[in-house]
C-alpha cells in the first residue's frame, strides 16, 4: 500500500478539474486526460501530466478517477480503442465518480474485475467550487482493501465521505436518490418563479424570501442567482441533470415505485434539452418555465 | 403613534404561542385568545392576558395578530359572533399571519376597512422554534403608516422582514409561492426515501447523504428527523400544508400556469388527509409514500 499513489483523472471538466486541483494542492503525482486539450492545459498549469489517451494515463496511475458525463463515455475511456484497461497497472483501482445507473456500475465492476482492476463506486456531490476546495461530498462502495487504498485520495478531494457498502452500485443508488431531489428542487423552483412572474411579483425579492423561508433548498440557492443574472454559461449543463433524473425515473420503475416528482422533473429537463438548451447551465429551466407562461 | 402598543394574538397554537412568548419577552402588554383553554394557559404562564372571546381581546389590543389555521377560522374570529370587529379599538391594525389565498386576503382587507380597521397582510415562515425565539421570517404588505406602527412588534417577533408592497394580498402571494416549494420539497423527499427503501438502502444514511449533498432542502432537513424517530406529534399538522398547497394549485390555475409539481404535492398531502393523517405532523407523508410501495 502506497500512502501517496499516483492518480489519474479522466474527464477534467468543471468537477474533474476541481479534483485535479485538490490532488495537486495535496502533493499527488497527478495525471489528466480529456478530449478537450484546453481542459487538460488547466491541469498542466497546476503541475499535472497531460496524456494523449486514457491508456497512456492508465500506464502512469495507481488510482484512476473517471469523471466523464455518462455511461457511454465511461465505456469509451475504459474499454474503447486506447481505453484505460489496455494499460492498467497491476491492482489498479478505477473510481467511477460520474453519476451512473446503479446497474451499469455493477456491470462495469464485473468487466473491470475481468480486466484485473478493482472498481470503486464513487459518485460525488457539491459542484465545481467544492471540488476545487477539496470539500465535495462523496458516496463510496467497494471492497474494504480498495477503499483503504483510496483513503489518502479521499482525504484530498472530499470534505465528507459516506462509506455505504462493499458492492459497487450501492453508492450509485444513494447518488441517484439524491439527484432525484436535486432535479425536483430545481425544476420546482423554476415552476414557483414562473408562477410568481405570472402573479406580477418582483422575482429577486421572491428568491430572497424563499432562501430565508421554508421553501429553501440547496439547488434553489445555488442556481437561482445564475437565473437572476441571466447567466447560463454551463457550470452544470442541463443535459447532465436530464440524464440523472432519467436514470432516477428508470430506477424507480425498476423497483415499481410510483415517482410523480421524478416524472415531472424528467419532463422539465427533457423539455430543456429538446428545445436546444442541453448545453446551457441547468438553471435554464427557469427560462423554460417562464416560456410556457400564457401571454397576457 | 405608540412605541409599545398592546398586542393581541388570536390563535396561540405552535406558531401563535411562539409569537406570544416573543412579545412577552420584549415587554409587550400581550393578550391571547384560543378555542383551547390549555393553549391560552401557556400564554398566561408567560404573563399574557387570556380572553373568553375575540371581541374581549380586541377591546384591549391596538394590534391584533391572527394566526389561526385557515380562512374559515379567520372569518369566524373576526366577523363571527363575538368576533374581534365587534370591539376593535379606533385605528386598530389586524395582522393576518395565517397562510391564506391572496384573493381572500384582499377581500378580508376590504371588509376590515369597512369596519374601521387597517389590514396588514403578514404571513410568517420558520416554524415554532423560530417563532418562540423571535426569529421568524415575515412577509408584509399594507399601508405605509400601518407598517410603521407595526415596526416594534415586527422587531420583537421576526428575524427577517420582507416589506413587499402596500396592497394586502401581495405578501400572501409570496407566502403561497414559498409554501408551494415547501410542500414539494417535503413530499418529493418522501418519494425519494420510499424509492431508497424499495432499493434496500439504509434510510438514516440516505438522510445524512442528502443533507450533505445537492438534494438538501430546508423541509427535508427539518422534517425527516421526525420521520426517522417515527414521531408524528403535530408541530405542523399535515392538513395545514394540504390546505396551503391546495391554495397554491388554485392560485396557479387562476394565473393559467401549469404547475405539475404543485399538483403532485397536492395529491400527496390530500392523500395523507384522506387516509386519516391530517392531524399528524406533515412528516407523515414519509409513511404515506412507503405505504404505496409494492410488497416484495
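Protein chains in written order, with the numbering used here: chain R, 254 to 549; chain X, 254 to 549. Built from N, CA and C at the ideal position, the CB exists for glycine as well.
Candidates X:272, X:456, X:455 and X:352: closest to residue 422 (chain X) by CA position: A check of alpha carbon separations from residue 422 (chain X) across X:272, X:456, X:455 and X:352 identifies X:352 as the nearest.
Can you list, in chain order, the residues of its chain with a C-beta nearer than 6 Å to that of residue 282 (chain X)? Leave out the 5 residues immediately preceding and following it. 259
Can you list, in chain order, the residues of its chain with a C-beta nearer than 8 Å to that of residue 534 (chain R)? Leave out the 5 residues immediately preceding and following it. 476, 479, 484, 485, 486, 487, 488, 489, 490 and 491
State the DSSP-derived secondary structure class of residue 352 (chain X), mapped to helix, strand or coil. If DSSP states are grouped into helix, strand and coil, residue 352 (chain X) belongs with coil.
Residues bridged to residue 316 (chain X) (per DSSP): X:260 and X:346
Reference residue 525 (chain X), options X:539, X:346 and X:326, closest by Cα: X:539
Cβ of residue 254 (chain R) within 7 Å of any chain X Cβ: Per-residue confidence for residue 254 (chain R) stands at a pLDDT of 40, beneath the threshold of 50, marking its modelled position as unreliable; no derived number is given.
Candidates R:437, R:269, R:481 and R:454: closest to residue 386 (chain R) by CA position: R:269
Nearest neighbour of residue 300 (chain R), chosen from R:289, R:322 and R:274 [CA to CA]: R:274
State the Cα-Cα distance for the pair residue 350 (chain X) and residue 439 (chain X), rounded to the nearest angstrom. 22 Å
For residue 322 (chain X), three-class secondary structure by DSSP: Residue 322 (chain X): coil per DSSP, three-state reduction.
Return helix, strand or coil for residue 304 (chain X), following the three-state DSSP convention. In the displayed model, residue 304 (chain X) falls within coil according to three-state DSSP, outside both helix and strand.
For the alpha helix (DSSP H) containing residue 428 (chain X), list its first residue and its last residue. 423–451
Buried versus exposed call for residue 257 (chain R) [16 or more other C-beta atoms within 10 Å across all chains shown]: It is exposed - the Cβ of residue 257 (chain R) has fewer than 16 other Cβ atoms within 10 Å.
Rounding to the nearest angstrom, what Cα-Cα distance links residue 393 (chain X) and residue 504 (chain X) in this structure? 19 Å
Kindly indicate which three-state DSSP category residue 411 (chain X) falls into: helix, strand or coil? strand
Can you find a C-beta in chain X that's less than 7 Å from the C-beta of residue 513 (chain R)? yes
Would you identify the three-state DSSP class for residue 495 (chain X), choosing helix, strand or coil? helix
Residue 517 (chain R) and residue 384 (chain X) closer than 7 Å at C-beta: no
Partner residues on chain B for residue 461 (chain R), Cβ-Cβ distance less than 8 Å: Within the model displayed, chain B is absent; protein chains R and X are what it includes.
Leaving out five residues on either side along the sequence, give the residues of the same chain with a beta carbon under 6 Å from the beta carbon of residue 370 (chain R). 341, 345 and 347
Give the straight-line distance between the Cα atoms of residue 266 (chain R) and residue 376 (chain R), rounded to the nearest whole angstrom. 15 Å
Residues of the segment 272–289 of chain X in Cβ contact with chain R at a cutoff of 8 Å, in chain order, please. none
Which of the three DSSP states, helix, strand or coil, is assigned to residue 420 (chain R)? Secondary structure at residue 420 (chain R): coil, using DSSP grouped into helix, strand and coil.
What separation, rounded to the nearest whole angstrom, lies between the Cα atoms of residue 507 (chain R) and residue 451 (chain X)? If I take the Cα positions, the gap works out to 10 Å.
How about residue 319 (chain R) and residue 327 (chain R): do their beta carbons lie closer than 7 Å? yes
Within a Cβ cutoff of 6 Å, which residues of the same chain sit near residue 355 (chain R), ignoring the five residues on either side of it in sequence? 422, 425 and 426
Relative to the C-alpha of residue 625 (chain X), which candidate in X:379, X:366, X:464 and X:536 has its C-alpha closest? Because residue 625 (chain X) is not part of the residues shown, which for chain X are 254 to 549, the question remains open.
For residue 588 (chain R), the nearest candidate out of R:286, R:432, R:336 and R:321 (CA to CA): Chain R is shown only over 254 to 549; residue 588 (chain R) falls outside these bounds and no answer can be derived.
Measure how close the beta-carbons of residue 253 (chain X) and residue 321 (chain X) come, nearest whole angstrom, since I'm counting them as under 8 Å. For chain X, the structure presents residues 254 to 549; residue 253 (chain X) sits outside this window and is missing.
Check whether residue 417 (chain R) and residue 407 (chain R) have beta carbons under 7 Å apart: no
Taking Cβ positions, are residue 445 (chain R) and residue 434 (chain X) nearer each other than 7 Å? yes
With a threshold of 7 Å between beta carbons, is residue 444 (chain R) in contact with chain X? yes
Under 9 Å Cβ-Cβ, which residues of chain X neighbour residue 390 (chain R)? 462, 465, 466 and 467
In the DSSP assignment, find the unbroken alpha helix (DSSP H) run with residue 524 (chain X) in it and report its ends. Run containing residue 524 (chain X): 513–525, per the alpha helix (DSSP H) assignment.
I want to verify the contact list: residues of chain R whose CB lies under 9 Å from the CB of residue 547 (chain X), in sequence order. 508, 509 and 510
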